[in-house]
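Peer 1:
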Amino acid sequence: MTHFTIKRQLLTIKPKPCTLLDEMLGGIVLADSNITKRALAEALKHLLSEQPFEKISVGSICNECGLNRKSFYYHFKDKYELVNWIYDTEFLENILKKDFHDSWELIEEFCKYLYENREFYKKTFQTEGQNSFSDYFSSIIYSVFYEHLEDIYKQEPHIDRYVEFYTDAFVCSIKKWINRKDCMPAQEFSDFLKSAILLLSERAYQLYRSGHSS
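Here it is as structure tokens:
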């Protein structure tokens, strides 16, 4: 499991502006766009501190930050996409600026981020189904586990079943952790995750190998 998987998901090649004027105008548009997105994000965060996610509408988000619905839908298709954008910009883009010695450092950073923002994600994780953050988050974890397990189970015709198992276990443990009233510190939980994943992976691989060698 490496942070390079997530980096590849985020990095895209964009053509450079043709002229200095294009570059200046492009920078202005980008800056304005980010200001609007961040205003909407802060509005959603504030509303989430007062009420459940499912009761928050696009209209209430716009009223909170003084923007109109047209501005919202210019940037996001719904409130779920706004939550995903918050995660992308606050965590995923942040890790692009850092170098990790191994994948466990990435997990530690990830747990630290969730712990510091647990009140926000505690509520966004409660909504399930299509377009939900829970579904989006699971898809990211799935892709990371797939790359990690691809070589281990390369002879297995249904590798997706193993990936789904590890993904569900990981996501479920994350949800239960941040929802506990006595939520353990991030470092303690990341140490637990490391130990659990290593022990489970080692045992599962031993059973898998023994089953195929008999």
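With the working numbering applied, the sequence shown corresponds to residues 9 to 222, in that order.
Note that the Cβ used here is the ideal one computed from N, Cα and C, for glycine as well.
#1: Express the C-alpha separation of K184 and I69 in angstroms, rounding to a whole number.
#2: Distance, Cα to Cα, F141 vs R46?
#3: Pick helix, strand or coil for R211, following the three-state DSSP scheme.
#4: Could you tell me if S57 is buried or exposed, where buried requires 16 or more neighbouring beta carbons within 10 angstroms of its beta carbon?
#5: For a minimum of 4 consecutive residues, which ranges assigned as the alpha helix (DSSP H) are wholly contained in the stretch 126–154?
#6: Residue ranges of each alpha helix (DSSP H) run of no fewer than 4 residues wholly in the stretch 43–118, ordered along the chain?
#7: Return helix, strand or coil for H166, following the three-state DSSP convention.
#8: Nearest to I115 by alpha carbon, out of R211, A204, D40 and E210?
#9: In this structure, how does DSSP classify D159 when only helix, strand and coil are distinguished?
#10: May I ask you to verify whether the stretch 111–128 touches the stretch 190–197, counting CB pairs closer than 8 Å and requiring at least 3?
#11: For C191, which three-state DSSP category applies?
#12: Quick test of your reading: S181 and L207, contact by CB under 8 Å. State the CB separation rounded to the nearest angstrom.
#13: Tell me whether the stretch 90–103 and the stretch 134–150 touch, counting them as touching only if at least three CB pairs, one residue from each stretch, are closer than 8 Å.
#14: Just mark S198 as buried or exposed, buried being the case when its beta carbon has 16 or more other beta carbons within 10 Å.
#15: For R77, which of K63, T132 and L48 has the nearest alpha-carbon?
#16: Leaving aside the five residues before and after E50 along the sequence, list all residues of the same chain whose C-beta is less than 8 Å from its C-beta, in chain order.
#17: On a Cα-Cα basis, can you pick out the residue from P60, L100 and D159 that is closest to Q134?
Peer 2: Taking the coordinates as given:
#1: 28 Å
#2: Rounded to whole angstroms, the separation of the alpha carbons of R46 and F141 is 18 Å.
#3: The answer is helix: DSSP assigns R211 an H, G or I state.
#4: exposed
#5: 126–132
#6: 66–73, 77–83 and 87–95
#7: coil
#8: A204
#9: coil
#10: yes
#11: coil
#12: 14 Å between Cβ atoms; not a contact.
#13: yes
#14: Counting other Cβ atoms within 10 Å of its Cβ, S198 reaches 16 or more and is therefore classed as buried.
#15: Ranking K63, T132 and L48 by Cα distance to R77 puts L48 first.
#16: C73
#17: P60
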